[in-house]
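J.:
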Amino acid sequence: MDPFATLGAPRRFDLDLAALEKTHRELSRALHPDKFASASASERRAALEKAASVNEAWRVLRDPIRRAEALFQLEGIEVGETKEPKPSPAFLMEVMEQREELAEARAKKDLDRVRKLAAAIGERMKAAQERLGAAFDGSSRSADELARLLPLLGEMRFYRRFLDEASAIEEEAEEALLAAEANGEKVHA
Amino acid sequence: MSQSEPRSSALLEIFDPKAPPKPIGIDLGTTNSLVACVKNERPVTIKDCDGDAIVPSVVHYGPSGEVIVGRHAQRLAAEHPRETIVSVKRFMGRGGDDPETRRLGPYEFVPPAEGEPNVVRFAVRGKTVTPVEVSAEILRALKRRAEDELRSVGGAVITVPAYFDDAQRQATKDAGRLAGLEVLRLLNEPTAAALAYGLEKKQNGKFAVYDLGGGTFDVTILVLDDGVFQVRSTGGDSALGGDDMDRALAEEVFRLAGRDPATASPSEVRVVLDLARRIKHGLTDAEIVDVENPFGGSQLSISRARFEELVAPILARTGVACRRALKDAGIEASELDGVILVGGATRVPAVKRYVAKLFGREPLGDIDPDEVVALGAAIQADLLAGQGRPDDVLLLDVIPLSLGIEVGGGVVDRILPRNTTIPAAARATYTTQEDNQTGFEIHVVQGERELAADCRSLARFTLKGIPPMPAGMARLEVTFRVDADGLLSVHAREERTGKEQTVSVKPSYGLDDETVEQMLLDAIDHGEEDLAARKLAEARVEASRVASSTKKSLAADPDLLEPGERERIEAALAALESAVKGTDARRIELAIEDLDAATKDFAGRRMNRAIAAAIAGQSLETVEKSVEHAKGIEAAHAESGPLPPPPPSG
């Protein structure tokens, strides 16, 4: 339930991920099933469960969206697309426009445009994370105050999907380029 | 396999009858298989009397029931194409209707009878064999080879392509059991290779392993840091490899000879495929290879340039997987400290050039790419058997493909995304879609696509007996657990009624436990071994392991015992020790289970202490808090929508 406690990390949004990765590694060293290969079944099972929970905690904490979800949940605020307030019509409108622009850039094979759009969204992702960092900074705040930040989760999920899509488009373009190159080489061979 | 005269080197070794059984590492490859062990702290492959480490993964079924494996079987393949199974690994864990099973090849398949699991079945001399049984024959041959050399063989680590899905892994493990091996671990091939390299060179850094085997392609990006091998990402194609190069060349041979492969006899197909392999090998050094036309007529000649043209699409497919793996790992090609080549197909000059260009650096190849995986497996087996070096070596591997379940609309809800470190566990909560829905159908799938229909179906099961409630009221909690072998088990529980069910995921394409048990019994009919005696021996070994480990734990952490707990554990220990003196395997197993139950809470407390100690090394102030909280599986998975009701017939 509390990935922060599992990894011995402070309950805040901004974390020293490099240090946490080390903690995760040390815990894995202590708990990995390999270390219990000749132990009794109950110890092997206990080690397996703990190792899995340590891995799960690390998976949650290293990802900003899952980390934020965990922080809200620990404050008793439910998350998930059905539980969060609907995004504002203004945001939805903007989202639609951004997506259209991306689709257009893809159709035109305008990679520069794709990269610019992605960079702009990346900036907004960063801004959202900064707001979460300021709110979940380890000091105690009221649930109401924090719940007002809940729409940030939906926004971040959108940004993530957008960035994934943009990099898929870039990848697709690179593949096409490479395929063309390979064909070119064939002609020379 | 033929028994050999003692090799000269064997004469120099002194056989110690009290030496513990030696753990072995097995590379069960598509084309070739190898077995290795650690000797004098160095991994070595175990060779036959001709000094040959490689056992071709070819199994021939003779007219009087004899089974021949390896080089000799390979020689029989052309004459008996249907009785000789080549590259059986391609069929592991696949359905009989899988397109992969229908590609160019000489075999005759038998559709599964009503009620039989949907696995590939070869028709061989009037009986049917499954890929698991064929693979078990290869494993038996390797086990015999190891026994000839080591006398007593302990557990085995068997390698699998990193990109193998759950069904393919399960099939491999079943084959190991069927061959009478204690499978210590399934180990991913690239990780095994990295282990062989990493221990050899004692390097830290970021590495890519490019593994183009006979029938599978894997790429793995991993970080080596003071003995910890952490896999960051893995990608690949479990149906792409050197065989595809052979097939492309074979099709070229048919073309040049003016023949249609569709009308060729099984024996002609086998001859041409073998010829293609020889051409491929020849082109490693020569610019042009001339061969006899297998159908008569003038010589055929194939140039390296033409071959490279033919394999370009295969290489391009590997490139896509490599770029995705780098991206998943969050590592740029320029950040890599080394690229390791694995698999015989990486000997092809065009492959080396392609890899060098892809990663922007010359790949490492100082360990024989055919042997490196088996050597790594031997190291891991040694470590698992507690015989390894004192260095703290640890492998942290990942699941190659996302695991999830089908929710409303046929959409996949991912529970464990690809590249999650194993062992892993996560849970998700679902609700009912319809009023008065009294069952949940749970469809477990693996893959990256959005729709369940496009993913690999691993298992279906139904949780029934839920009292009628309005839609959305029932709450079904589904827990996925993936163990260190990468094998999945699924647990489902309805929270309001407490109704629950656990499945080890096997059925869709695998063999169930009874089938494997039956195969083991069938093996006895062939006079191979006495199952009861083996079960007793296994139970005794397990009993002594459990007893000694329990005693060690009691001695290590006596302060963690609660009042009366030591007495309960010692009573269970005494009962086990008395059971071991008898000959009833079942009684021993039950005593082990009792001891297990008696030590359960104690084991949990010991793990909490281990966690606390590990965290203490990192940050002292938070230890107490962590110990309090680090209990059970902590998953933060949001509610994910309704599950459809099971079909009315079910």
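Line order of the protein sequences matches chains B and R.
The opening residue of the first sequence carries number 380 in my numbering; numbering runs sequentially from there.
The opening residue of the second sequence carries number 449 in my numbering; numbering runs sequentially from there.
Glycine residues also receive a C-beta, built at the ideal position from the N, C-alpha and C atoms.
Closest by CA to R/Glu597, which one among R/Lys470, R/Leu789, R/Thr998, R/Ser996?
T.: Residue numbering aside, residue 597 of chain R sits at position 149 when the second sequence is read from its first letter. Of R/Lys470, R/Leu789, R/Thr998, R/Ser996, the residue nearest in Cα terms is R/Lys470.
J.: Under 8 Å between beta-carbons, which chain B residues line up against R/Val994? List them in chain order, please.
T.: Here residue 994 of chain R corresponds to residue number 546 of the second sequence, with the count starting at 1. What R/Val994 touches in chain B: Ser419, Ala420.
J.: Find the residues of chain R that neighbour B/Pro412, judging by a C-beta separation of less than 8 Å, and give them in chain order.
T.: As a working note, residue 412 of chain B is residue 33 in the first sequence. Listed along chain R are Pro871, Asp931, Ala932, each with a C-beta nearer than 8 Å to that of B/Pro412.
J.: Do the stretch 774-787 of chain R and the stretch 612-623 of chain R make contact, defined as three or more Cβ pairs closer than 8 Å?
T.: Judged by Cβ distances under 8 Å, the stretch 774-787 of chain R makes no contact with the stretch 612-623 of chain R, as fewer than three pairs qualify.
J.: With 8 Å as the limit, tell me which residues of the stretch 422-443 of chain B have their beta carbon closer than that to any beta carbon of chain R; keep them in chain order.
T.: Glu422, Arg424, Ala425, Ala426, Leu427, Glu428, Lys429, Ala430, Ala431, Ser432, Val433, Asn434, Glu435, Ala436, Trp437, Arg438, Val439
J.: Please report whether the beta-carbon of B/Ala482 lies at a distance below 9 Å from any beta-carbon of chain R.
T.: If you number the first sequence from 1, residue 482 of chain B lands on position 103. Taking Cβ atoms only, chain R never reaches closer than 9 Å to B/Ala482, which makes this a no.
J.: Strictly below 7 Å CB to CB, what residues from chain B border R/Asp840?
T.: Indexing the second sequence from 1 puts residue 840 of chain R at position 392. Within chain B, the residues near R/Asp840 are Arg408.
J.: In chain order, what residues of the same chain have a beta carbon less than 8 Å from the beta carbon of R/Arg1016, not counting five sequence neighbours either side?
T.: The sequence position of residue 1016 of chain R within the second sequence is 568, counting from 1. Ala1046, listed in sequence order.
J.: Does DSSP put R/Pro504 in a helix, a strand or coil?
T.: If you number the second sequence from 1, residue 504 of chain R lands on position 56. Strand at R/Pro504.
J.: Can you tell which of R/Arg765, R/Ile736, R/Pro811, R/Asp685 has its C-alpha closest to the C-alpha of R/Arg753?
T.: Taking the second sequence and counting its residues from 1, the one referred to as residue 753 of chain R is at position 305. Strictly speaking, residue 753 of chain R in this sequence is Ala, with Arg absent from that position. The shortest Cα separation from R/Ala753 among R/Arg765, R/Ile736, R/Pro811, R/Asp685 belongs to R/Ile736.
J.: B/Glu554 touches chain R at which residues, Cβ-Cβ below 9 Å?
T.: As a working note, residue 554 of chain B is residue 175 in the first sequence. Under the 9 Å cutoff, chain R gives Ala764, Gly767, Val768, Arg771.
J.: Is the shortest distance between the beta-carbon of R/Gln678 and the beta-carbons of chain B less than 9 Å?
T.: By 1-based counting over the second sequence, the position of residue 678 of chain R is 230. For R/Gln678, the answer is yes, since a Cβ of chain B falls inside 9 Å of its Cβ.
J.: Strictly under 9 Å for the Cβ-Cβ distance: is B/Gly533 near chain R by that measure?
T.: Residue 533 of chain B sits at position 154 when you count from the first residue of the first sequence. Output row for B/Gly533: interface = no.
J.: Compare the C-beta of B/Arg404 with all C-beta atoms of chain R and state if any pair is closer than 9 Å.
T.: As a working note, residue 404 of chain B is residue 25 in the first sequence. It does; some Cβ of chain R falls within 9 Å.
J.: Considering only DSSP beta bridges, list what R/Glu854 is partnered with.
T.: The residue labelled residue 854 of chain R in the question sits at position 406 within the second sequence. DSSP, once it has assigned bridges, lists R/Val860 as partnering R/Glu854.
J.: Along the chain, where does the beta strand (DSSP E) containing R/Ala1045 start, and where does it finish?
T.: For the purposes of this step, residue 1045 of chain R is taken as the residue at position 597 of the second sequence. Premise fails: R/Ala1045 lies in the alpha helix (DSSP H), 1033-1064, not in any beta strand (DSSP E).
J.: When Cβ atoms are compared, which residues of the stretch 981-1012 of chain R fall closer than 7 Å to chain B?
T.: Taken in chain order, the members of the stretch 981-1012 of chain R whose beta-carbon sits within less than 7 Å of a beta-carbon on chain B are Arg993, Val994, Ser997, Thr998, Ser1001.
J.: For B/Leu386, I'd like the list of residues in its chain whose CB is within less than 8 Å of its CB, leaving aside the five on either flank, ordered along the chain.
T.: As a first step, residue 386 of chain B must be located in the first sequence, where it is residue number 7. Correct list, in chain order: Leu399, Thr402, His403, Leu406, Val433, Ala436, Trp437, Leu440.
J.: Could you check the C-alpha separation between R/Thr607 and R/Asp691 for me, to the nearest Å?
T.: Residue numbering aside, residue 607 of chain R sits at position 159 when the second sequence is read from its first letter. Residue numbering aside, residue 691 of chain R sits at position 243 when the second sequence is read from its first letter. Rounded to whole angstroms, R/Thr607 to R/Asp691 spans 19 Å at the Cα level.
J.: Is there a Cβ of chain B sitting closer than 9 Å to that of R/Lys1048, yes or no?
T.: Walking along the second sequence from the start, residue 1048 of chain R turns up at place 600. Interface residue, yes.
J.: Under 8 Å Cβ-Cβ, which residues of chain B neighbour R/Arg1054?
T.: Counting from 1 along the second sequence, the entry for residue 1054 of chain R is found at position 606. In chain order: Glu422, Ala425.
J.: For the stretch 512-533 of chain R, which residues have a CB atom closer than 7 Å to at least one CB atom of chain B, in sequence order?
T.: Under the 7 Å Cβ criterion, the stretch 512-533 of chain R contributes no residue.
J.: Considering only DSSP beta bridges, list what R/Asn636 is partnered with.
T.: Taking the first residue of the second sequence as position 1, residue 636 of chain R is located at position 188. In DSSP, R/Asn636 forms a bridge with R/Val608.
J.: For B/Glu551, go through chain R and note every residue whose CB falls closer than 9 Å to its CB, in chain order.
T.: Numbered from 1 along the first sequence, position 172 holds the residue referred to as residue 551 of chain B. Going along chain R, no residue has its Cβ under 9 Å from B/Glu551, so there is no contact; the nearest lies around 10 Å.
J.: Roughly how many whole angstroms lie between the Cα atoms of B/Ala397 and R/Asp733?
T.: Along the first sequence, read from residue 1 onward, the residue named residue 397 of chain B stands at position 18. Along the second sequence, read from residue 1 onward, the residue named residue 733 of chain R stands at position 285. One C-alpha to the other measures close to 47 Å.
J.: Going along the chain, which unbroken runs of the alpha helix (DSSP H) with 4 or more residues stay wholly within the stretch 495-580 of chain R?
T.: 519-524
J.: Extract the residue ranges of the alpha helix (DSSP H) inside the stretch 494-557 of chain B, only unbroken runs of 4 or more that lie entirely within it.
T.: 522-526
J.: R/Leu935 to R/Gln881, Cα distance in whole Å?
T.: Residue mapping note: residue 935 of chain R aligns to position 487 of the second sequence, counting from 1. Residue mapping note: residue 881 of chain R aligns to position 433 of the second sequence, counting from 1. Their Cα atoms are separated by approximately 30 Å.
J.: Residues in the same chain with beta-carbon distance under 7 Å from R/Lys912, minus the five sequence neighbours each way, listed in chain order, please.
T.: Against the second sequence, residue 912 of chain R aligns to sequence position 464. These residues qualify, in order along the chain: Thr886, Gly887.
J.: Threshold first: 3 residues or longer. Then list the beta strand (DSSP E) segments lying entirely within the stretch 754-807 of chain R, N to C.
T.: 786-790
J.: Given R/Phe702, which residues of its chain have a CB within under 8 Å of its CB, disregarding the five upstream and five downstream residues?
T.: As a working mapping, residue 702 of chain R is identified with position 254 in the second sequence. For R/Phe702, where only same-chain residues beyond five positions count, the Cβ hits under 8 Å are Asp708, Pro709, Ala712, Val720.
J.: Rounded to a whole number of angstroms, what is the C-alpha to C-alpha distance between B/Ala555 and R/Val768?
T.: Your numbering for residue 555 of chain B matches position 176 in the first sequence. Your numbering for residue 768 of chain R matches position 320 in the second sequence. Going from the Cα of B/Ala555 to the Cα of R/Val768 covers about 11 Å.
J.: Would you please verify whether the beta carbon of R/Gly834 is less than 9 Å from any beta carbon of chain B?
T.: The count along the second sequence starts at 1 and reaches residue 834 of chain R at position 386. Chain B, which has a Cβ nearer than 9 Å to the Cβ of R/Gly834, makes this yes.
J.: May I have a chain-ordered list of the alpha helix (DSSP H) segments no shorter than 4 residues that lie completely inside the stretch 650-705 of chain R?
T.: 690-704
J.: How would you label R/Lys728, buried or exposed, when you count the other beta carbons within 10 angstroms and need 16 or more for buried?
T.: Along the second sequence, one-based indexing puts residue 728 of chain R at 280. Looking at its Cβ environment, which holds 16 or more other Cβ atoms inside 10 Å, R/Lys728 is buried.
J.: Give the residues of chain B in contact with R/Thr868, contact being defined as C-beta atoms less than 9 Å apart.
T.: On the second sequence, position 420 is the one that residue 868 of chain R refers to. Residues of chain B passing the Cβ test: Asn434, Glu435, Arg438.
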